[in-house]
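First the structure, in the form of structure tokens, and then the observations on it.
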Amino acid sequence: GPNGSGKSTLARLLTRVLAATTGTLLVSGVDATTLSARDVRERLAIVSQKSHLFMGTLREHFQWSGDPIPDDEIDQLLELVRLRSWADSLPDGLQTQLGEGGALVSGGEAQRLVLARALARCDRMLILDEPLNHVDPQTADAILADILPTLKQNGGLLISHRLAGLSGFDEILVIDSGRVAQRGDFPTLCRQPGLFREMLNVELDVMAP
295 GPNGSGKSTL ARLLTRVLAA TTGTLLVSGV DATTLSARDV RERLAIVSQK SHLFMGTLRE
355 HFQWSGDPIP DDEIDQLLEL VRLRSWADSL PDGLQTQLGE GGALVSGGEA QRLVLARALA
415 RCDRMLILDE PLNHVDPQTA DAILADILPT LKQNGGLLIS HRLAGLSGFD EILVIDSGRV
475 AQRGDFPTLC RQPGLFREML NVELDVMAP
């Protein structure tokens with residue numbers, strides 16, 4: 295849906311940041327109102343539009359919760375989000391300090407690093423709220439295609455105003471003014487007159503040479 299349509303509000307409802315006043319929200323089949331904040335965190339991994347990196351080494355960003363992750367698995371995660379060559383170029387590799395006083399990280403690099411960190415906790419449903427909006431469209435689409443099997447396996451919700459990379463998703467909800475205006479898979483919505491097809495045509499026109 296377009297900016298301001300209510301997409302991020304849906305994520306805030308699922309994560310209990312906002313309380314629903316009507317209807318029922320289920321998280322892994324459980325009424326979300328019966329879950330504590332800790333219960334929600336145990337079931338969900340969230341990547342928001344604002345990427346937060348804490349002070350520490352690149353390796354430590356993957357060790358912040360749960361069992362330690364071996365370096366080879368970290369390398370695989372970095373490869374998945376197209377950051378392996380960036381990590382290899384850092385002065386001290388995985389031991390490079392990030393944050394204030396450490397290596398400078400661009401907005402797109404920070405977003406991909408936070409996404410890789412969430413993927414390390416692959417036993418949870420992923421909620422991705424515009425997780426790659428600072429990454430070029432071609433790279434973003436390639437990353438989404440590669441993480442799609444994980445989303446299908448554990449459950450996932452992607453919030454996006456871009457449409458071109460959504461063809462592999464099982465179901466798409468089109469949000470307009472806080473309501474579900476359309477729902478269906480990519481081919482179905484492409485055939486139907488409506489907001490989805492209008493937005494897709496605009497996006498394709500912008501991308502055309």
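My numbering numbers the first residue of the sequence shown as 295 and each following residue consecutively. Using N, Cα and C, we set each Cβ at its ideal position, and we do this for glycine too.
(request) Assign GLN298 to buried or exposed, taking buried as 16 or more other Cβ atoms, counted over all protein chains shown, within 10 Å of its Cβ. (result) Position 4 of the sequence shown, counting from 1, holds the residue named residue 298. Note on residue identity: the sequence assigns Gly, not Gln, to residue 298. Here GLY298 is exposed: its Cβ has fewer than 16 other Cβ atoms, across all protein chains shown, within 10 Å.
(request) Look at the alpha carbon of HIS346 and the alpha carbon of TRP380, and state the distance between them as a whole number of angstroms. (result) The count along the sequence shown starts at 1 and reaches residue 346 at position 52. The count along the sequence shown starts at 1 and reaches residue 380 at position 86. Rounded to the nearest angstrom, the two C-alpha atoms are 18 Å apart.
(message) I'd like to know whether the C-beta atoms of GLN405 and PRO425 end up nearer to each other than 8 Å.
(response) Taking the sequence shown and counting its residues from 1, the one referred to as residue 405 is at position 111. Taking the sequence shown and counting its residues from 1, the one referred to as residue 425 is at position 131. Contact: yes.
(request) With DSSP collapsed to three states, give me the class of MET349. (result) Position 55 of the sequence shown, counting from 1, holds the residue named residue 349. DSSP places MET349 outside both helix and strand once states are collapsed to three, so it counts as coil.
(request) Determine the contact status of GLN476 and GLY462, defining contact as a CB-CB distance below 8 Å. (result) Here residue 476 corresponds to residue number 182 of the sequence shown, with the count starting at 1. Here residue 462 corresponds to residue number 168 of the sequence shown, with the count starting at 1. Against a cut-off of 8 Å, the Cβ pair of GLY462 and GLN476 comes out as no contact.
(message) For GLY402, report the span of its alpha helix (DSSP H) as first-last.
(response) Stepping through the sequence shown from its first residue, residue 402 is reached at position 108. Unbroken alpha helix (DSSP H) run through GLY402: 401-413.
(request) For LEU452, collect the residues of the same chain with a Cβ closer than 6 Å to its Cβ; drop the 5 residues on either side in sequence, then sort them by chain order. (result) Here residue 452 corresponds to residue number 158 of the sequence shown, with the count starting at 1. Contacts found: LEU422.
(request) For ARG337, I'd like the list of residues in its chain whose CB is within less than 7 Å of its CB, leaving aside the five on either flank, ordered along the chain. (result) What you label residue 337 is simply residue 43 of the sequence shown in a count that begins at 1. Here the set comprises VAL321, SER322, ARG418 and MET419.
(request) Have a look at the DSSP bridge pairing and note the partners of ARG473. (result) As a position in the sequence shown, residue 473 is number 179, starting the count at 1. ARG473 pairs with ASP470.
(message) Using only CA atoms, which one of LEU374, GLU492, ALA305 and LEU319 lies nearest to ILE441?
(response) Along the sequence shown, one-based indexing puts residue 441 at 147. With respect to the C-alpha of ILE441, the residue from LEU374, GLU492, ALA305 and LEU319 having the closest C-alpha is LEU374.
(message) Taking the alpha-carbon of GLU367 as reference, which of LEU445, ALA410, THR351 and ASP333 has the nearest alpha-carbon?
(response) In the sequence shown, counting from the first residue as 1, residue 367 sits at position 73. Nearest option by C-alpha distance: ALA410.
(request) Check ASP386 in the structure and name its three-state DSSP category. (result) Taking the first residue of the sequence shown as 1, we reach residue 386 at position 92. In this structure, ASP386 counts as coil in the three-state DSSP scheme.
(message) Measuring only the C-alpha atoms, how far is ARG332 from ILE466?
(response) As a position in the sequence shown, residue 332 is number 38, starting the count at 1. As a position in the sequence shown, residue 466 is number 172, starting the count at 1. CA-CA distance, ARG332 to ILE466, rounds to 28 Å.
(message) Given a cut-off of 8 Å on the beta-carbon distance, is the pair LEU304 and HIS355 in contact?
(response) Translated into positions along the sequence shown, residue 304 becomes position 10. Translated into positions along the sequence shown, residue 355 becomes position 61. With contacts defined as CB atoms closer than 8 Å, LEU304 and HIS355 fail to qualify as a contacting pair.
(request) Would you tell me roughly how many angstroms separate the C-alpha atoms of ARG376 and LEU438, rounded to the nearest one? (result) For the purposes of this step, residue 376 is taken as residue 82 along the sequence shown, with counting starting at 1. For the purposes of this step, residue 438 is taken as residue 144 along the sequence shown, with counting starting at 1. Distance from the CA atom of ARG376 to the CA atom of LEU438, rounded to whole angstroms, is 11 Å.
(request) Give the DSSP bridge partners of LEU451, in chain order. (result) Numbered from its first residue, the sequence shown carries residue 451 at position 157. Among the bridge pairs identified by DSSP, LEU451 is matched with ILE421.
(request) Identify which residue in LYS344, GLY472 and VAL468 has its Cα closest to the Cα of THR482. (result) Numbered from 1 along the sequence shown, position 188 holds the residue referred to as residue 482. Out of LYS344, GLY472 and VAL468, VAL468 has the C-alpha closest to the C-alpha of THR482.
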